[in-house]
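Our numbering applies: residue 124 is where the sequence shown begins, and numbers increase by one. Every residue, glycine too, gets a C-beta built ideally from N, C-alpha and C. It should be emphasised that the depicted structure is a prediction, and the values quoted were computed from it without experimental measurement. Scroll down for the structure; my scribbles are underneath it.
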Amino acid sequence: MTMLELWGISKSYGDHKGASGVSLFAPSGSRTVIVGPSGSGKTTLLRLIAGFEAPDAGTITLNGRQLEGIPPHRRNIAYVAQEGALFPHMSVGDNVGFGIPRQATDRSRRVEELLEQVGLPAEFRNRRPHELSGGQQQRVALARALAQRPDLMLLDEPFSALDTGLRETMRTMVGDVLRDAGIASILVTHDQAEALAFADHLVVMRDGRVADAGPPQRLYARPADIETARFLGEAIVLASVIHGGVAKTALGDVPVLQDDAERADVLVRPEQITVAAEGNGALGRVLHRSYRGAQWRLEIECRDGGLPEPFSVDVPASLDLRPGDPVRLSVNSEAYVFPR
């Protein structure tokens with residue numbers, strides 16, 4: 124069931140188009156992620172949904188209600204900013220309880236429950252924001268947003284200022300809290316790995332338009348175009364001739380879900396490539412390697428096979444390949460054929 128719908132949304136800032144005819148939806152109870160490079164229009168959409176700005180054209184509906192003319196505080200939409208935006212003069216408890224009526228008899232209990240929900244002990248309620256770490260501030264911001272009992276939670280790159288380990292922990296925690304609360308969310312990010320990890324429904328923005336949208340697994344494996352494929356991860360695009368469900372490529376014969384084509388581009392991800400020190404397969408050469416603990420990440424070139432750019436692939440640490448070593452390359456699973 125669709126909860127949020129945008130139809131033909133456009134927004135310009137002078138000569139710059141922040142959004143151009145955007146139509147998308149967010150399913151009920153889902154975690155929707157809008158991802159794209161800087162200037163793609165993702166933050167513009169979030170601000171329009173929140174009501175901080177009005178679109179030049181198009182309509183936005185939430186649970187069947189048009190939001191045109193409804194101010195932000197009456198939309199029942201919560202917003203968590205990148206920096207948390209806590210009130211510095213208030214205690215943690217007062218920040219969390221800001222959206223709870225002061226006359227509510229269970230106000231104090233709800234504040235403690237919300238702190239517990241985001242993994243903070245009750246004694247934190249008397250602390251000030253400057254006494255908290257970045258991750259703790261984001262937890263308080265989330266608790267404050269949850270206190271509104273919103274229909275929709277908007278998350279504006281809330282993890283980008285955190286270090287890598289804490290970012291992953293916070294992302295998991297936020298996803299679990301929102302799922303348990305049954306609250307739909309829209310996360311905006313420029314981090315492709317974060318988008319794929321958090322999303323139930325993924326929207327890729329480019330130049331103010333929706334480039335592709337759907338389940339993250341589909342977008343990664345079967346993207347709408349080559350540019351989207353490269354944005355979501357390392358993509359090896361092979362020119363090919365297809366006959367009988369087999370693509371003839373620089374990396375050998377690759378199975379595909381298409382019968383025949385005189386010319387076609389096929390997508391292979393690095394994890395689909397088998398690297399061997401010897402044997403059959405296309406000939407490549409190791410350019411660089413970096414140690415990742417259980418794996419080596421190899422940068423490999425295959426110019427003789429017609430690949431103009433090197434690519435990276437992870438191999439077990441037990442496979443001791445060094446820069447300059449020749450390798451044999453083959454594709455171990457079905458490739459995706461880009462539509463023409």
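Beyond the five residues adjoining it in sequence on each side, proline 433 comes within less than 7 Å, by CB distance, of Leu410, Glu422, Ile423 and Glu424 in the same chain, given in chain order.
Boundaries for threonine 182: no alpha helix (DSSP H) harbours it, while the beta strand (DSSP E) harbouring it runs 180-185, taken from the DSSP string. With 16 or more other Cβ atoms from the protein chains shown falling within 10 Å of its own Cβ, threonine 167 counts as buried.
When only Cα atoms are considered, arginine 353 and arginine 248 end up about 45 Å apart. Rounded to the nearest whole angstrom, the C-alpha separation of proline 194 and arginine 170 is 12 Å. Approximately 6 Å separates the beta-carbon atoms of isoleucine 349 and valine 360; this is inside 8 Å, confirming the contact. When Cβ pairs closer than 8 Å are counted between the two stretches, the segment 270-287 is seen to touch the segment 201-211, the count reaching three or more. Secondary structure at arginine 188: strand, using DSSP grouped into helix, strand and coil. In the three-state reduction of the DSSP assignment, arginine 154 falls in the strand class, which pools E and B. By the criterion of a C-beta distance shorter than 6 Å, proline 339 is surrounded in its chain by Leu319, Ala322 and Leu325, once the five residues flanking it on both sides are discounted. Cα atoms of proline 378 and alanine 384: separation of roughly 13 Å, rounded to the nearest angstrom.
Cβ-Cβ distances below 6 Å link leucine 185 to Leu127 in the same chain, with the five nearest sequence neighbours on each side left out; the list follows chain order. Boundaries of the alpha helix (DSSP H) around aspartate 299: 287-304. Burial check for asparagine 403: the Cβ neighbour count within 10 Å stays below 16, so the residue is exposed. Shown here for glycine 141: same chain residues with a beta carbon closer than 7 Å to its own, the five before and five after excluded, namely Lys134, Ser135, Gly164, Thr167 and Gly331 in chain order. By the neighbour-count criterion, in which a residue is buried when 16 or more other Cβ atoms sit within 10 angstroms of its Cβ, threonine 228 is exposed.
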